[in-house]
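*Asks:* Per the working numbering, the sequence shown runs over residues 45 to 318. Ideal placement from N, C-alpha and C gives every residue a C-beta, glycine not left out. Bear in mind that the values here come from a model prediction, so they are computed numbers and not experimental data.
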Amino acid sequence: MTKEQFNQLVNDYDHLENRVGELDDLLARYPYSQPLRLLNLKGHYQAHDKKYQLYLTQAAFYSTDRGILRTLIEQGKVPDDLPTAAKKSKAPPAKAPQPAPTQPAKGKDDKQDIDRLRQEVLQNLEELQKAKAAFWNMEEVPALPDPEPARPKTNTTANRKQQATPAKQAATAKKTTSGSKKSTKKKEELIDKFIAEQPTITPRKDLPKDQRDLAQSSSQLRDDLVSENLAVIYARQGKTAKAIEIYKKLIWKFPQKKASFAAKIEELENKQTK
Numbered sequence: 045m046t047k048e049q050f051n052q053l054v055n056d057y058d059h060l061e062n063r064v065g066e067l068d069d070l071l072a073r074y075p076y077s078q079p080l081r082l083l084n085l086k087g088h089y090q091a092h093d094k095k096y097q098l099y100l101t102q103a104a105f106y107s108t109d110r111g112i113l114r115t116l117i118e119q120g121k122v123p124d125d126l127p128t129a130a131k132k133s134k135a136p137p138a139k140a141p142q143p144a145p146t147q148p149a150k151g152k153d154d155k156q157d158i159d160r161l162r163q164e165v166l167q168n169l170e171e172l173q174k175a176k177a178a179f180w181n182m183e184e185v186p187a188l189p190d191p192e193p194a195r196p197k198t199n200t201t202a203n204r205k206q207q208a209t210p211a212k213q214a215a216t217a218k219k220t221t222s223g224s225k226k227s228t229k230k231k232e233e234l235i236d237k238f239i240a241e242q243p244t245i246t247p248r249k250d251l252p253k254d255q256r257d258l259a260q261s262s263s264q265l266r267d268d269l270v271s272e273n274l275a276v277i278y279a280r281q282g283k284t285a286k287a288i289e290i291y292k293k294l295i296w297k298f299p300q301k302k303a304s305f306a307a308k309i310e311e312l313e314n315k316q317t318k
């Protein structure tokens with residue numbers, strides 16, 4: 045739908061039942077457009093669509109002025125299109141009013157349908173207002189009461205120690221001294237027993253002269269452990285030689301990345317020369 049077509053629908057919205065599909069597509073793209081939502085609702089009403097009630101509820105929820113929506117439903121026009129009172133102007137005295145021609149009374153069925161539709165719309169608007177108010181005015185969660193401060197214990201361990209008599213303190217000191225003497229005596233007995241059973245200490249046996257260096261094998265790089273990440277780690281640690289060695293092995297392991305590894309080797313060698 046072009047801009048000119050949409051403006052034409054805004055100016056003349058008496059026959060929208062054939063444009064409902066296009067209005068639905070536009071509403072899906074611009075859900076917050078008030079004129080578009082009113083036009084869509086009017087089109088579904090003219091087309092006698094079964095989903096008209098759903099579109100009416102949605103339009104009431106998104107509407108910023110429900111008076112305009114009510115006027116559109118009840119009178120079929122928005123307030124700007126309603127006839128306004130004629131301005132007062134200087135004119136000759138009006139003639140005696142003539143009796144207005146009698147209009148044929150509307151049928152009871154049409155009046156009942158209009159009243160029923162009006163009551164449904166007003167009831168839906170009222171329910172929607174209550175639901176929206178209940179959503180925004182949720183009850184606050186009551187705050188938890190402050191915990192009562194803990195009461196100090198009347199009979200603590202410190203108080204018991206302070207209330208101890210001098211006689212009890214002397215007895216405790218005596219028990220501690222006797223216990224330390226027993227511990228010292230037991231240690232002396234263990235030392236004497238060890239000297240009696242093993243009077244001399246066995247000297248350490250000499251190691252074989254052809255013992256190989258185990259640390260040397262751990263520092264050598266195995267082909268199955270080399271990786272590009274390990275080379276990067278060595279380069280960051282300043283171990284440039286090991287990083288270059290790994291890149292050389294990676295060239296044989298991954299020949300398709302030979303150019304990349306060769307460039308990194310050249311970069312590391314340039315750092316060494318500086």
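(1) Among the candidates His92, Asp109 and Lys286, whose CA atom is the shortest distance from the CA of Glu61?
(2) Going by the CB atoms, is the gap between Leu98 and Ser107 shorter than 7 Å?
(3) Please return the same chain residues whose Cβ sits closer than 6 Å to the Cβ of Lys308, not counting the five positions on each side in sequence.
(4) What's the C-alpha gap between Ser271 and Ala303?
(5) Where does Asp109 sit, in a helix, a strand or coil, going by DSSP?
(6) Please say whether Leu312 and Phe305 have beta carbons closer to each other than 7 Å?
(7) What three-state label does DSSP hand Thr46 in the structure shown?
(8) Could you pull the start and end residues of the alpha helix (DSSP H) that Asp69 belongs to?
(9) From this set, Pro299, Lys301, Phe298 and Ala279, which residue's C-alpha is nearest Asn314's C-alpha?
(10) Out of His88, Gln78 and Val54, state which residue places its alpha-carbon closest to the alpha-carbon of Ala104.
(11) Are the CB atoms of Leu53 and Leu82 within a distance shorter than 7 Å?
(12) Can you grab the Cα-Cα spacing for the pair Glu289 / Leu234, in whole Å?
(13) In three-state DSSP terms, what is Ser304?
(14) Drop a sphere of 10 angstroms on the beta-carbon of Ala177, count the other beta-carbons inside from all chains shown, and report buried for 16 or more, exposed for fewer.
(15) Could you tell me the alpha carbon to alpha carbon distance between Glu241 and Ala285, rounded to whole angstroms?
(16) Assuming Leu67 and Asn84 are in contact, meaning their beta carbons sit under 8 Å apart, how far apart are those beta carbons, in whole angstroms?
(17) Mapping DSSP to helix, strand and coil, what is Gly87?
(18) Could you round the C-beta distance between Leu166 and Thr101 to whole angstroms and report it? I think they count as a contact, below 8 Å.
(19) Give the range of the alpha helix (DSSP H) segment to which Tyr278 is assigned.
*Replies:* In short:
(1) His92
(2) no
(3) Tyr291
(4) 16 Å
(5) coil
(6) no
(7) coil
(8) Val64 to Arg73
(9) Ala279
(10) Gln78
(11) no
(12) 60 Å
(13) helix
(14) exposed
(15) 58 Å
(16) 4 Å
(17) helix
(18) Rounded, the Cβ-Cβ distance is 13 Å, inconsistent with contact.
(19) Glu272 to Arg280
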